[in-house]
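Numbering (my numbering), first residue to last: 771 to 967.
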């Protein structure tokens with residue numbers, strides 16, 4: 771076999787071998803993706819809320835367990851059920867959405883134990899500051915789901931993290947309004963090329 775032919779054959783074999791283990795890019799389903807947060811209020815109760823506008827993607831290799839997450843949250847979509855509080859959170863006292871309209875989570879380290887995803891590590895950008903963040907995976911699974919006769923490939927999971935807001939320059943009302951904010955992130959995503967069938 772001539773050298774160029776051997777080289778092409780080697781490349782083809784390598785491509786075939788890697789095709790079965792190729793990472794898949796999943797686009798977030800905004801209907802089934804949510805970010806909730808909570809913080810203590812005078813250490814007697816909790817203030818809770820959510821964000822309504824979330825966009826992003828997940829890249830995941832089911833064979834190796836490697837992956838990456840890139841999620842953007844529109845901070846103006848904050849909703850605590852209290853319009854006055856929502857206005858305060860949007861203001862320069864907290865998120866300052868005029869200057870920093872988005873928060874972004876990027877993570878490229880998926881940590882598994884016994885074949886089960888247990889945590890994701892990366893960085894959170896918020897209020898003009900970027901800090902490391904670790905999210906505990908409460909569950910994560912990929913596979914086919916069928917709803918109303920439509921079958922599609924879905925990756926999804928629930929994640930939890932605790933973040934000190936003061937590390938992002940948001941210190942207003944500390945300690946009466948707690949510094950530690952608990953985040954609950956629920957995601958569902960499907961491959962962009964995965965047509966319903």
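Glycine included, each C-beta is placed from N, C-alpha and C at the ideal position. The model shown is predicted, which means the values in this text are computed figures rather than measured ones.
Problem - For residue 939, three-class secondary structure by DSSP - result: coil
Practice task
Let me know the secondary structure DSSP gives residue 949 once reduced to three states.
Solution key: coil
Problem - Assumed close pair residue 931, residue 953 - CB separation to whole angstroms, cut-off 8 Å - result: 5 Å
Exercise for the section: Just the C-alpha distance for residue 828 and residue 920, rounded to the nearest angstrom, thanks. Expected result: 22 Å
Handout entry: Residue(s) in a DSSP beta bridge with residue 902
Key = 893
Handout entry: Bounding residues of the alpha helix (DSSP H) (the contiguous stretch that carries residue 856)
Key = Element bounds for residue 856: 853 to 860.
Problem - Beta-carbon proximity check, residue 806 vs residue 955, cutoff 9 Å - result: yes
Handout entry: Residues bridged to residue 824 (per DSSP)
Key = 843
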